[in-house]
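In full-length UniProt numbering, the protein residues as written are 1 to 149.
For glycine and all other residues, C-beta sits at the position ideal for the given N, C-alpha and C.
All remarks here apply to the structure that follows.
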């Protein structure tokens with residue numbers, strides 16, 4: 001079981017790999033109540049760790065409404081769908097702008113006021129526990145390292 005490490009202790013300290021990312025082997029993701037507080041009725045702006053097909057930017061904005069719906073803005077594309085939280089996992093089901101459906105679940109870690117998303121889905125396009133994105137509430141200035149794109 002990972003050790004619980006406070007956000008203050010890790011805010012400006014690199015993990016064992018020398019990165020300023022949470023280390024899932026040593027840190028505990030947000031629990032159900034923390035995820036609900038961080039996402040319900042909130043808009044996050046952030047950056048991906050990858051580029052999506054036909055979208056030139058890493059930046060995104062996402063509103064996770066209290067009624068369980070979501071709108072995800074990435075470049076000039078909009079994905080709509082639903083979100084839910086169970087235990088320490090947040091999951092999304094999107095009706096993608098290109099006509100497909102996408103499902104993704106994440107553990108989320110917090111450092112300072114920044115949220116680090118680690119994908120949990122598997123399969124040919126799975127995220128496999130890897131760091132995928134970082135976000136902050138849209139009305140806040142991020143205090144995490146490295147600076148957001």
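Distance check between residue 27 and each of 116, 104, 103 places 116 closest, using alpha-carbon atoms only. Residue nearest to residue 88 within the set 75, 81, 99, 105 is 105 (criterion: CA-CA distance).
When the Cα atoms are used, residue 77 and residue 134 turn out to be separated by approximately 19 Å. Shortest Cα-Cα distance from residue 94 to any of 69, 140, 60 involves 69. Taking a C-beta distance under 8 Å as the contact criterion, residue 80 and residue 71 qualify as a contact pair. The DSSP-derived three-state label of residue 59 is strand.
Judged by DSSP in its simplified three-state form, residue 37 adopts helix.
Scanning 131, 110, 90 for the CA closest to the CA of residue 137 turns up 110. Considered as a whole, the region 83-111 harbours 89-95, 101-111 as its complete beta strand (DSSP E) runs of no fewer than 3 residues, in chain order.
Per DSSP, the continuous beta strand (DSSP E) segment holding residue 70 begins and ends at 69-74. DSSP places residue 133 in the uninterrupted beta strand (DSSP E) bounded by 131-137.
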